[in-house]
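2 protein chains.
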Amino acid sequence: MALGKNYDGQDCSLAKALEVIGERWTLLVVRDAMYGVRRYGDFLAHLDVPRAVLSQRLSALVEAGILEKRRYQDAPPREEYVLTPMGRELWLPVLALAQWGERNLTRSPRRLFFHQPCGTRLDQVAFCAACGVQAPLEDVEVRPGPGLEGARDDRVSVALRAPHRMLDPIP
Amino acid sequence: MALGKNYDGQDCSLAKALEVIGERWTLLVVRDAMYGVRRYGDFLAHLDVPRAVLSQRLSALVEAGILEKRRYQDAPPREEYVLTPMGRELWLPVLALAQWGERNLTRSPRRLFFHQPCGTRLDQVAFCAACGVQAPLEDVEVRPGPGLEGARDDRVSVALRAPHRMLDPIP
DNA sequence: GTACCACGGTTCGTTGAATGAACTAAGGTG
DNA sequence: CACCTTAGTTCATTCAACGAACCGTGGTAC
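Chains as they are written, first to last, in the working numbering: chain A, 69 to 239; chain B, 69 to 239.
Listed below in structure tokens is the structure:
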């Protein structure tokens, strides 16, 4: 489709990336997946996205190799969406963008990120000075920051108001 | 406006950031500004974006404090758009996203980034190991990578096929 | 066994935004 | 005086987002 998602003629890896994760809602779906959201209904509850759009985005992310759809229960049959390694690598740009928003668009931080093995707070490039490593997503813990207001009360929002290891499924 | 740009109810700095730079074309405009593109006509030539959309995006970016519109010539009156400090801070997420695209969606790198003061190649978080600093945008030089094919031949594309310091205006 | 519910979607009419071509306006240049 | 450049605006058409309603599969309660 030449309209809506493609940036034809842009020979640039940023444009390529945006063709995959640049559509409305897509990066928020990825963020939720990083927080451990896996089920259609949970994405829906947390995002207030039209169902048709969510279906389309999930399929597109699976197609692109960022999410994997897999059956986690047979009776009744239920599927879940989990990040692939390629999807987990989006951690860095997502964090950088969120931190930019935090520094420039909000008063105080909504969420803080920590290197789970050592408890050190992470900066915008996820580099843990204490350990001297770039923290992979699996080793990151989120905790609510001072700026987080409890506006929403869907399952997912409530679960994420407690400290939580990234990728751990929502209860 | 509840439609199209807002992510109402998402109490999250990523959503806030996406409200500002998440619309179609917006991040490509910012990328071009980082490369040194400043004039309406140059953005237009490089991006193949409809004129009305470009006008809207440029105004929105000025409104958001990411670009500054300023007169660089009086007869005839001409304006240019340059990144503000807040806009320059988008460098990190833009780089991280582009590098993700490069690693996961393309064969070989389109463009390589170097720490201009010392000539060291930069990684996805713009950390210069030789100098031990996070390189600011002003100190970065782009050079074409092996994967860059000379498909486009507009003014801007041609100019960017030579090594070029970030933010330096297109000739 | 039958009514009801949870989950994960699809369908569809309405609204808003992107597209691209044409037009405008200010001000030089030959 | 005709024409060119730059930076837009206007407008009809096309496409995608929205949100409400509907659908299908397979439990669970009575």
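Think of the CB as a built atom: it goes at the ideal place given N, C-alpha and C, for glycine as much as any other residue.
Predicted, not measured: the structure shown is a model, and the values here were computed from it.
Using the beta-carbon count (16 or more within 10 Å), is residue i buried or exposed?
i: Pro118(A); result: exposed
i: Cys196(B); result: buried
i: Pro153(A); result: exposed
i: Lys84(A); result: buried
i: Asp236(B); result: exposed
i: Met69(B); result: With a pLDDT of 27 at Met69(B), under the threshold of 50, the modelled position of that residue is not reliable, and the figure given next carries that caveat. The residue is exposed, with fewer than 16 neighbouring Cβ atoms inside 10 Å.
i: Leu228(A); result: buried
i: Tyr140(A); result: exposed
i: Gly155(A); result: buried
i: Leu71(B); result: In this prediction, Leu71(B) has a pLDDT of 37, which is less than 50 and means its spatial position is unreliable; what the coordinates show is noted afterwards. Leu71(B) should be labelled exposed.
i: Asp110(B); result: buried
i: Ala35(B); result: With chain B running from 69 to 239 in the structure shown, residue 35(B) is simply not present.
i: Val226(B); result: exposed
i: Ala203(A); result: buried
i: Ala143(A); result: exposed
i: Arg106(A); result: buried
What is the C-beta distance between residue i and residue j, in whole angstroms, given that I count them as a contact (C-beta under 8 Å)?
i: Arg99(A); j: Val193(A); result: In fact, because the Cβ distance is near 17 Å, the residues do not count as touching under 8 Å.
i: Asp79(A); j: Leu160(B); result: Wrong, their Cβ atoms sit about 23 Å apart, outside the cutoff.
i: Leu190(B); j: Val208(B); result: 7 Å
i: Glu173(A); j: Tyr75(B); result: Looking at the sequence shown, residue 173(A) is not Glu but Leu. Actually they are not in contact, since the Cβ atoms of Leu173(A) and Tyr75(B) sit about 12 Å apart, beyond 8 Å.
i: Arg211(A); j: Pro185(A); result: No, Arg211(A) and Pro185(A) are not in contact; Cβ-Cβ is about 15 Å, not under 8 Å.
i: Leu135(A); j: Tyr149(A); result: 5 Å
i: Ala132(B); j: Ala164(A); result: Between Ala164(A) and Ala132(B) the Cβ distance is about 18 Å, and since that is not below 8 Å, they are no contact.
i: Tyr223(A); j: Ile238(A); result: Sequence check: residue 223(A) is Arg here, not Tyr. Sure, about 7 Å apart at Cβ, within 8 Å.
Of the choices the options, whose alpha-carbon is the least far from that of residue i?
i: Arg175(A); options: Ser81(B), Arg146(B) and Ala128(B); result: Ser81(B)
i: Gly104(A); options: Glu206(A), Ala198(A) and Thr188(A); result: Glu206(A)
i: Met234(A); options: Asp222(A), Arg220(A) and Leu180(A); result: Leu180(A)
i: Trp93(A); options: Arg138(A), Val121(A) and Arg220(A); result: Val121(A)
i: Gly213(A); options: Ala143(A), Arg223(A) and Arg178(A); result: Arg178(A)
Residue i: beta carbon under 7 Å from a heavy atom of the ligand MN?
i: Ser176(A); result: The ligand content of the structure shown is nil, which means the ligand MN is not present either.
Is the segment 156-168 of chain B close to the segment 82-90 of chain A, with three or more CB pairs under 8 Å? They touch, by the three-pair rule.
At a CB distance below 9 Å, what residues from the segment 174-195 of chain B approach chain A? Give them in sequence order. Listed in sequence order: Thr174, Pro177, Arg178, Arg179, Gln192, Val193, Ala194 and Phe195.
Determine which residues of the segment 95-124 of chain A have a Cβ less than 8 Å from any Cβ of chain B, and write them out in chain order. Listed by position along the chain: Leu95, Leu96, Arg99, Leu115 and Asp116.
Interface residues of the segment 141-154 of chain B facing chain A [CB-CB below 8 Å]: Result list: Met154.
Does the segment 127-138 of chain B come close enough to the segment 109-129 of chain A to have 3 or more Cβ pairs within less than 8 Å? No contact exists between the segment 127-138 of chain B and the segment 109-129 of chain A.
To be precise: take each residue of the segment 197-220 of chain B, compare its Cβ to all Cβ atoms of chain A, and keep it if any distance is under 8 Å. Which residues remain? For the segment 197-220 of chain B, which is checked against every Cβ of chain A, the residues closer than 8 Å are Gln202, Leu216, Glu217, Ala219 and Arg220.
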